[in-house]
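For reference, the structure discussed in these notes is given below.
In the working numbering, the protein residues as written are -3 to 413.
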């Protein structure tokens, strides 16, 4: 590859990355595609303020600034996307889109302010298949399990003022989980036509992350994610979710921070990729097509990111195969590297090998799906991945949080869309 082609490829890949803070890399000299909308115009005044004190601080609560999730859905079915914001110490807020990028705060009328929990994320889903968008909230951090109960707001339709009204029904649906929840992904894992749910969980690290993964496969740990199966209940006229984690093979612990659902091996069944912070391995649960999963990260990847945050899955090179990106904390410039990063530790490396963990390095990883390997009898096997993050120019984006893969195509006029 020539130097020019390499640089063009790097620029294109940089156009695929959105992190925290959000980086927007321009591929051409056209005017910016985005403009700032003031809160005076939008009506959105939500601010997830976290005031530190002797009990709320990053020393005692490592995940203090995680969260602040945003859900987008058309809750009143008027064809416009509405916004739901989750909060840590203040009230959640629901803003209904009035058109023209103007919104109205209807939180109190809609009855979706939350119950004082510390919310980490929101999932928008039509959980009862009635054509109305519902809201599922993942709660975390607080020590009292009663104060980290996940909530499910089921859409009851519009009131006389055309405002959607919700009813909290997590317990009735079997989803009032009290784990240290990070995020919930709704998908059909058993191909029966309804939406099941994978719940990413974590635990308070207590600065004890130097302990390696000696409890691998012990589903009794608090930091093991959960899988809930959707079972329709005729008498209740809505689904009830059953925790099937252990029998489904969801048994590996980790400080979960991100989840993506995709058919990784192209067998028609959804698989699960979870990025875990600290030394615990990322997890790749491959669907066995019989209600169970097998964790195969080490079989698919050579290594992963160490402090893995969010992840995303998309076909970045248009070859029909699912590729995976995960983000970490490696800065690009030498000054930031020296200021913020520890040196490589040989003992950590040896312990990863000893504990049978995936090898991990502090950088973003862009796992390119190379297609299925051939087995000894020349039959198609499972896919092989190669980390091309440095080659693509996306390995070092500082402390990134959530990547989004945006696939660009060139139009007939020579512009990108």
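Heads up, the beta-carbon is just placed ideally off N, CA and C, and yes, glycines get one too.
Can you have a look at residue 302 and say buried or exposed, based on whether 16 or more other CB atoms are within 10 angstroms of its CB?
Buried, by the Cβ-count rule.
Taking all protein chains shown into account, do 16 or more other C-beta atoms lie within 10 angstroms of the C-beta of residue 199, making it buried, or fewer, making it exposed?
Residue 199 should be labelled buried.
Tell me whether residue 142 is buried or exposed, calling it buried when 16 or more other Cβ atoms sit within 10 Å of its Cβ.
Looking at its Cβ environment, which holds fewer than 16 other Cβ atoms inside 10 Å, residue 142 is exposed.
CA-CA distance, residue 210 and residue 276?
Note on residue 210: pLDDT 49, under 50, position unreliable in the model; the coordinate value appears next. Using only the alpha carbons, I get a separation of about 10 Å.
For residue 124 and residue 27, which I take to be in contact (beta-carbon distance under 8 Å), what is that distance rounded to the nearest angstrom?
Their Cβ separation, rounded to whole angstroms, is 44 Å, which puts residue 124 and residue 27 out of contact at 8 Å.
Give a yes or no on contact between the stretch 97 to 106 and the stretch 183 to 195, applying the rule of three or more CB pairs nearer than 8 Å.
These segments do not touch.
Can you name the start and end residues of the alpha helix (DSSP H) that residue 242 belongs to?
Element bounds for residue 242: 241 to 244.
I need the DSSP call for residue 346, collapsed to helix, strand or coil.
Correct three-state label for residue 346: helix.
Is it buried or exposed for residue 263, if we count other Cβ within 10 angstroms and need 16 for buried?
The residue in question, residue 263, is exposed, as its Cβ has fewer than 16 Cβ neighbours within 10 Å.
Buried or exposed, going by whether 16 or more other CB atoms sit within 10 Å of the CB of residue 240?
With 16 or more Cβ atoms within 10 Å of its Cβ, residue 240 is classed as buried.
What residue ranges within the stretch 35 to 95 form continuous beta strand (DSSP E) runs of no fewer than 3 residues, ordered along the chain?
List check, beta strand (DSSP E) in window: 66 to 69, 78 to 81, 89 to 95.
Hey, could you find the ends of the alpha helix (DSSP H) residue 103 is sitting in?
Here the alpha helix (DSSP H) through residue 103 covers 103 to 106.
State the Cα-Cα distance for the pair residue 91 and residue 76, rounded to the nearest angstrom.
Approximately 11 Å, taken between the alpha carbons.
Between the alpha carbons of residue 63 and residue 156, how many angstroms are there, rounded?
Spanning the two alpha carbons is a distance of roughly 34 Å.
Do residue 324 and residue 305 have their beta-carbon atoms positioned less than 8 Å apart in this structure?
For residue 305 and residue 324, yes; Cβs fall inside 8 Å.
Got a sec? Which residues, its chain only, sit under 7 Å from residue 121 by beta carbon, not counting five neighbours each side?
Contacts found: 130, 132, 182, 191.
Let me check understanding here. Comparing Cα to Cα, which of 65, 51, 73 lies closest to residue 44?
Among 65, 51, 73, the Cα nearest to that of residue 44 is on 65.
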